[in-house]
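Student:
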Ligand code: GLY
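Residue numbers (my numbering): 133 to 501.
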């Protein structure tokens, strides 16, 4: 029996997360959703369509009314309304109606886009998440955030819309390229740092097994990480309060992502943002100097950056203003009161942010020194 967690929404069971090592149990899970009476559209990107598209399609062939595979080119640059429009077109051409089902087969981009298409097509059709990347498994597939980027701004257009099921093939993590794998790990670290000091310690203790992608350790890591996210999103599903803690590292991270034209991976930028936020937490006398340096250096064995060149620190400060995580023009900055306990701080100044960005900025002068 695969392990599972149930996510509650408004205090009622809403959907399960199934932790599996392959797709062999997927069909059985889907029987709970009467798929033999429904059409299913698998939405994938060019990578996941070729890796798993045919496997999932043949699993469903003959077990549902109809199954199609719709794919779009991989990459954050395609997380746009145009990609959603092409999904609508396919669904209309193939005569999908409100009783039919979308499967999001891929990483964060596929999950967010498919969820948004599901939330809006015919005012809402059911969808299921099949996250294939570490980032999607530990973060974006859970909690019902869906949407697209708009005019270069991350996740500017979207909806909260819950999946009916999240089926995680942990075995898919084996085939992820190194950069993608470690990018997702930044969100795992984030969960430990903001909510669970013992999980953070466990990550340190299991560093080599995680690097080697030991299947049992990965399953444990993904489950623990999902459990932290579960507790946060159940308490505050619409991000009116504590869910914003999940944005630790994201204010400066998103600004770097945009300044770098989305050439760096999301988790790489989150790692840099987390180091900067930990620096501010130290300067606020919440973290000790040793804790700050431990957090910073902890990203290194996981191939995540802790410094960056080729940015303009002032530009990063100004880009933090266009992040949507603001209330009445004031940035809701997430800091660490201690390891395992994050807080929202409305009083982080531009100077604090600039100092933190300068801390992670590795300039040409530093190189010569
Ligand atoms: N990825 C942050 C959240 O789901 O709220």
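The C-beta atom is built at its ideal place from N, Cα and C for all residues, glycine as well.
These numbers were taken from a predicted model, which means no experiment stands behind them.
Quick one, are the C-beta atoms of residue 404 and residue 437 less than 8 Å apart?
Tutor: yes
Student: Measuring CB to CB, does residue 146 end up less than 8 Å from residue 270?
Tutor: no
Student: Would you be able to state if there are at least three C-beta pairs under 8 Å between the stretch 355 to 373 and the stretch 441 to 456?
Tutor: No, the stretch 441 to 456 is not in contact with the stretch 355 to 373.
Student: Hey, out of 245, 259, 161, whose CA is closest to residue 173's CA?
Tutor: 259
Student: Under 7 Å from any heavy atom of the ligand GLY, does the C-beta of residue 247 make it?
Tutor: no
Student: According to the Cβ coordinates, are residue 350 and residue 305 closer than 8 Å?
Tutor: Their beta carbons are under 8 Å apart, which means residue 350 touches residue 305 by this criterion.
Student: Can you list, in chain order, the residues of its chain whose CB lies under 7 Å from that of residue 432, leaving out five sequence neighbours each side?
Tutor: So the qualifying residues of the chain are 438.
Student: Within 10 Å of its beta-carbon, does residue 329 have 16 or more other beta-carbons around it, so buried, or fewer, so exposed?
Tutor: exposed
Student: Would a C-beta distance cut-off of 8 Å place residue 247 and residue 278 closer than the cut-off?
Tutor: yes
Student: When you compare the CB positions of residue 298 and residue 289, do they come within less than 8 Å of one another, or not?
Tutor: Cβ distance not < 8 Å, so residue 298 and residue 289 don't count as in contact.
Student: Does the ligand GLY have a heavy atom nearer than 7 Å to the CB of residue 277?
Tutor: yes
Student: Please classify residue 433: does DSSP put it in a helix, a strand, or coil?
Tutor: helix
Student: When you compare the stretch 183 to 194 with the stretch 211 to 225, are there three or more beta-carbon pairs, one atom per stretch, that lie closer than 8 Å?
Tutor: no
Student: If you measure from the CB of residue 272, is any heavy atom of the ligand GLY nearer than 7 Å?
Tutor: yes
Student: Any idea what DSSP makes of residue 149, helix, strand or coil?
Tutor: strand
Student: If you compare alpha carbons, which of 342, 362, 363 is closest to residue 353?
Tutor: 342
Student: Nearest-angstrom Cα distance between residue 237 and residue 181?
Tutor: 8 Å
Student: Pick from 197, 196, 234: whose alpha carbon is nearest that of residue 203?
Tutor: 234
Student: Could you tell me the alpha carbon to alpha carbon distance between residue 442 and residue 393, rounded to whole angstroms?
Tutor: Taking C-alpha positions only, residue 442 is separated from residue 393 by approximately 12 Å.
Student: Using a Cβ distance threshold of 8 Å, determine whether the stretch 423 to 432 contacts the stretch 383 to 399, with at least three qualifying pairs required.
Tutor: no
Student: Starting from residue 279, follow its DSSP beta bridges and name the residues at the other end.
Tutor: 290
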